[in-house]
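Read in the numbering used here, the sequence shown has 298 at position 243, and its numbers run on one by one without any break.
All C-beta atoms, glycine included, are put in the ideal place defined by N, C-alpha and C.
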Amino acid sequence: MWTSRCTSATATRRRAGRATASTSTRPAPARCTRLPAPLWEAFLATSAPGGPIGFLTERLDELVEVEEAIAYPHASDPSEGHYAVDRRALRRLLLAGLEDVVHFGAEFAAYEHTADGRVVARFVDGGRVEVDLLVGADGVGSRVRRQYLPDAEPVPAGVVGLAGKVPLTAETRGWVPAVLQQGMHVVVDPGPGSLFTAAYRPPPGARAALAAATGRAAPAIDLPYLLTAFVTAPRHVPPDLDTDDPDALAALVDGLTAGWHPTLRRVLASCDPDSRGASAFVVAPGIPVWEPSRVTLLGDAVHAVPATGGLGGNTALRDARRLTRALAGDPADLVGAVGAYETDLREHGAAAVADALAVRDQMLAGGVWRTRAARAWFRLCARSATLRRATFADGDRALSRPRAWELAGT
Ligand SMILES: Cc1cc2nc3c(=O)[nH]c(=O)nc-3n(C[C@H](O)[C@H](O)[C@H](O)COP(=O)(O)OP(=O)(O)OC[C@H]3O[C@@H](n4cnc5c(N)ncnc54)[C@H](O)[C@@H]3O)c2cc1C
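Have a look at this one:
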């Protein structure tokens, strides 16, 4: 599952327990100026309400629940709302109508420049394609970046995520704590890590809506589940852990949560084995400044964002939007357009990375006194909307706030 905005980058995250909430009241379908109307409608029909963001202790005591109106002050505009969307559904919707443009199954190897300044992309199968502009959108292991900006290789982010999904069936809904069955929650623990949970409850008919919008059979995106992600420091993960072994992953999480409430441990133990995974996150070491050219980069390829922020995909979408707009300008000034795109990319990419690292630090902070202080503050926030607003609302500083170029038309 992904949290997503239709237009711009955004967040599932926040600092010191500031985490954005999601739309608990589904916005009325409205025209999205960035997606063709049928696909926007399908996006709404296939995405789930995010719900509030809350904080609990490892003994299941509720600390604070932050309402969407505070964490998402822009949510009156549906395209600025916060949605939980199945990654497969979003991908299919974004690809819809581009079937004759997007080609699969070709592994990029390297690029070279031609005498007249164009770029040739070479593929592992021997294929070559000559282009005006090469965009490396090939993720954290980007070969385009390795060739273009060899010093910008991502580095370990000092955080490991141990994830899994609990299917929300009639049986599990009977005992999974009701508070966890909606929205997103963080279990704040003084021990070796924290737990993030997010409930995915797709609207009825999501699968059929996706099939109708894309004209092909849809995957099973209509099965609700609870995502769990235990976040810990690498030192708590055995170096020889077999990350393909669900039993080993389950045992590790169980050991790291030994003093937790039995129901929380039951939740963690009940993850579908096939859904279990471990990720040692990486992060961009900084986004360098370079001269624009006919090669550029997008998304994790240039600003790897640790998943602690829930921002990487949103930031890649914002990049794509910005680049598309820049390229719609004067075709004679291609390199100028790329330069304008890269200036904005550095600004919002660096902000997303900084935010994700701040969330990482809070989730790994631990310590009895620090945790007590955080909990005391959350309890105060629970009693005062003013304090909740001061603590959890980003206002004009929000990463999700539309940038000037986003507001300046489509
Ligand atoms: C557990 C987890 C949870 C996350 N949750 C969220 C969330 O809630 N919200 C959010 O916004 N982000 C989230 N993210 C981050 C998000 O998944 C990434 O930031 C996002 O996918 C980056 O998009 P991208 O297009 O830059 O790269 P990718 O999605 O990695 O896409 C790169 C593509 O390039 C292809 N490729 C790679 N090398 C080559 C090659 N040599 N030749 C051809 N093709 C190639 C790959 O196959 C892939 O299809 C999460 C990440 C993780 C790990």
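- Task: Quick one: grab the DSSP three-state call for Val344.
- Result: Annotated three-state conformation of Val344 is coil, per DSSP.
- Message: Please identify the residue among Ser348, Val414, Ser334, Ala440 whose C-alpha is closest to the C-alpha of Pro211.
- Response: Closest option to Pro211, judged by alpha-carbon separation, among Ser348, Val414, Ser334, Ala440: Ser334.
- Task: Out of Pro343, Thr283, His240, Pro245, point me to the one whose CA is closest to Trp424's CA.
- Result: For Trp424, the nearest C-alpha among the options comes from Pro245.
- Query: For Ala273, which residues of its own chain have a beta-carbon under 6 Å away from its beta-carbon, when the five flanking residues on both sides are left out?
  - Reply: So the list reads Arg262, Leu265, Ala266, once near-sequence residues are dropped.
- Query: Since Phe447 sits in a beta bridge, which residues does DSSP pair it with?
  - Reply: According to DSSP, Phe447 bridges with nothing at all.
- Cross-strand partners of Gly213 (DSSP beta bridge): Within the DSSP bridge table, the entry for Gly213 names no partner.
- Under 8 Å Cβ to Cβ from Arg86, same chain only, skipping five residues before and after it: list those, please. Residue placement at Arg86 is flagged as unreliable, the pLDDT there being 39, under the threshold of 50; the coordinate-derived value follows with that caveat. Non-local beta-carbon contacts of Arg86 in its own chain, meaning distances under 8 Å to residues more than five positions away in sequence, involve Ala92, Trp95 in chain order.
- Message: If contacts are defined as beta-carbon pairs under 8 Å, then Ala165 and Arg177 qualify, I think. What distance do you get, rounded to the angstrom?
- Response: About 5 Å separates the CB atoms of Ala165 and Arg177; that is less than 8 Å, so the two are in contact.
- Of the choices Leu278, Arg146, Gln202, whose alpha-carbon is the least far from that of Glu167? That would be Gln202, whose Cα lies nearest to the Cα of Glu167.
- Between Val292 and Val215, which are expected to be in contact by the criterion C-beta below 8 Å, what is the C-beta distance as a whole number of angstroms? Indeed they touch by this definition, with Cβ atoms about 5 Å apart.
- State yes or no: is the C-beta of Arg376 nearer than 7 Å to some heavy atom of ligand 3? Absence of ligand 3 is noted for the structure shown, with ligand 1 being the only ligands found.
- Query: Which residues in the same chain as Val184 place their Cβ atom closer than 6 Å to its Cβ, once the five residues preceding and following it in sequence are excluded?
  - Reply: So the list reads Ala176, once near-sequence residues are dropped.
- What three-state label does DSSP hand Phe159 in the structure shown? In this structure, Phe159 counts as coil in the three-state DSSP scheme.
- Query: Smallest Cα separation from Pro347: which of Asp355, Thr363, Arg321, Arg401?
  - Reply: Of the listed residues, the one whose Cα sits closest to Pro347 is Arg401.
- Item | Three-state secondary structure assigned by DSSP to Ala253 | DSSP places Ala253 in strand when its eight states are reduced to three.
- Query: When we look at the beta-carbon of Asp277 and count the other beta-carbons within 10 Å, is it buried (16 or more) or exposed?
  - Reply: With 16 or more other Cβ atoms within 10 Å, it is buried.
- Item | Same chain, Cβ closer than 8 Å to Leu389, five either side skipped, listed in chain order | For Leu389, where only same-chain residues beyond five positions count, the Cβ hits under 8 Å are Asp187, Leu188, Arg349, Leu382.
- Return the chain-ordered ranges of every beta strand (DSSP E) run that is complete within the region 111-148 and spans a minimum of 3 residues. Within the region 111-148, the complete beta strand (DSSP E) runs of at least 3 residues are 117-121, 138-140.
- Message: For Thr318, tell me which candidate among Asp299, Thr169, Thr227, Ala275 has the shortest Cα-Cα distance.
- Response: It is Thr227 whose Cα lies nearest to the Cα of Thr318.
- Quick one, which of Ala103, Glu117, Thr101 has its alpha-carbon nearest Arg438's? Selection Ala103, Glu117, Thr101 evaluated against Arg438 yields Glu117 as nearest (Cα-Cα).
- When Ala445, Gln417, Pro104, Arg458 are compared against Pro257, the one with the closest alpha-carbon: Closest by alpha carbon: Pro104.
- Item | Backbone CA spacing between Ala324 and Gln237 [nearest angstrom] | So the alpha carbons of these two residues sit roughly 19 Å apart.
- Give me whichever residues DSSP pairs with Met239 in a beta bridge. Met239 pairs with Ile108, Ala253.
- Task: Taking only runs that begin and end inside the region 372-419, name each unbroken alpha helix (DSSP H) of 4 or more residues, in chain order.
- Result: The alpha helix (DSSP H) runs lying completely inside the region 372-419 and spanning 4 residues or more are 389-419, given in chain order.
- Query: How many angstroms separate the CA atom of Asp300 from the CA atom of Thr252?
  - Reply: Here the alpha carbons of Thr252 and Asp300 stand approximately 22 Å from one another.
- Determine, using beta carbons only, whether Ala407 and His358 come nearer to each other than 8 Å. Between Ala407 and His358, the C-beta spacing is below 8 Å.
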